[in-house]
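All remarks here apply to the structure that follows.
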Amino acid sequence: MLERRTQKTQPPQMYQVVMLNDDYTPMEFVIVVLQEFFSKDREQATQIMLKIHLDGKGVCGVYSRDVAATKVEQVLDAALKAGHPLQCVSEPVE
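Residue numbers for the sequence shown follow full-length UniProt numbering, beginning at 1 and rising by one.
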């Protein structure tokens, strides 16, 4: 007789996309990026931008690994095209 085992699957590891402060990227550009790539409204984008400015970094959103990596690339590409040194990374959520 075979024994039936129940296998629990773990939810996928989630990653937070974090934008880092610098002294050169305009605050308005950060707000636009948050609205465009993270679907934030103006108020949410402004609050996150202020957190980035005051604390040195701010979480833009939490996603699966692939989505987080795509968001980081979108932000870095937009910053490069606009001539800004804005940095963005993804980190595992613990």
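From the three backbone atoms N, C-alpha and C, an ideal C-beta is built for every residue, glycine too.
8 angstroms Cβ shell around residue i - same chain, five flanking residues per side excluded
i: Val17; result: Phe38, Val59, Cys60, Gly61, Val62, Tyr63, Ala68, Lys71, Val72, Val75, Cys88, Val89 and Ser90
Bounding residues of the alpha helix (DSSP H) (the contiguous stretch that carries residue i)
i: Lys81; result: Arg65 to Ala82
Same chain, Cβ closer than 7 angstroms to residue i, neighbours up to 5 away in sequence not counted
i: Glu36; result: none
i: Lys40; result: Leu34 and Ile48
i: His84; result: Tyr24, Thr25 and Phe29
i: Pro92; result: Gln13 and Tyr15
Residue i, DSSP secondary structure in three states
i: Gln87; result: strand
i: Lys51; result: helix
i: Val33; result: helix
Same chain, Cβ closer than 6 angstroms to residue i, five either side skipped, listed in chain order
i: Leu86; result: Thr25 and Ala79
Beta-carbon separation (whole angstroms), residue i vs residue j, contact threshold 8 angstroms
i: Met19; j: Lys81; result: The Cβ separation is near 16 angstroms, so there is no contact.
Continuous beta strand (DSSP E) stretch holding residue i: start and end
i: Val93; result: It is not in any beta strand (DSSP E) - Val93 carries neither H nor E in the DSSP assignment.
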